[in-house]
Amino acid sequence: MSVNESEQKPDVREGIVHTAIPADEVARLSDDIIAALKTVYDPEIPADIFELGLIYKIDIDDDRMVKIMMTLTAPGCPVAGEMPGWVENAVSAVEGVSGVEVEMTFDPPWTPDRMSEEAQVAIGWY
1 MSVNESEQKP
11 DVREGIVHTA
21 IPADEVARLS
31 DDIIAALKTV
41 YDPEIPADIF
51 ELGLIYKIDI
61 DDDRMVKIMM
71 TLTAPGCPVA
81 GEMPGWVENA
91 VSAVEGVSGV
101 EVEMTFDPPW
111 TPDRMSEEAQ
121 VAIGWY
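Numbering of the sequence shown is given in UniProt numbering, commencing with residue 1 and proceeding in unit increments.
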């Protein structure tokens, strides 16, 4: 094996922390977690929270505990008290996840620049 082959390639799943979990299992878990997050919608915006850019970070611990840092479109969002529970419930249903902790942050504040093209199309901004 050459030196270049032994170097670890960066993971394209930004925000996913490498763990002792095998790489293929981390890939499956992260894909399934993202799919679960895409089932949670802001009730005032016709786009899911992942495409809106509300998810800032996803960590998967060695014990398969998932820690999610997220924000809301505005601190005064009417579902601010409920949204973390929706996220926890959605991700808890992913096979192999031992538990979920959701942390809310407003630093940095969310801006529409965080939205994917898919979200922009869904709300008619594209």
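Just so you know, even glycine gets a beta-carbon here, dropped at the ideal spot from N, CA and C. Only a predicted model underlies this, so the values are computations on that prediction, with no experimental measurement involved.
Query: If you drop the 5 nearest sequence neighbours on each side, which residues of the same chain put their C-beta closer than 6 Å to that of PRO75?; Result: PHE106
Query: Assign GLY99 to one of two classes, buried (16 or more other C-beta atoms within 10 Å of its C-beta) or exposed (fewer than that).; Result: exposed
Query: What do you reckon, is the C-beta of GLU51 under 7 Å from a heavy atom of the ligand ZN?; Result: This structure does not include the ligand ZN; it has no bound ligands of any sort.
Query: Note down, in chain order, each residue of its chain lying with its Cβ closer than 6 Å to the Cβ of VAL12, except the 5 sequence neighbours on either side.; Result: Caution is warranted here: a pLDDT of 42 is assigned to VAL12, below 50, making its placement in the model unreliable, and the coordinate value is therefore given only provisionally. Result list for VAL12: empty, nothing under 6 Å.
Query: Should GLU51 and LYS38 be called a contact, given that it needs their Cβ atoms to be closer than 8 Å?; Result: yes
Query: Once DSSP output is grouped into helix, strand and coil, what is the label at VAL40?; Result: coil
Query: Where does MET115 sit, in a helix, a strand or coil, going by DSSP?; Result: coil
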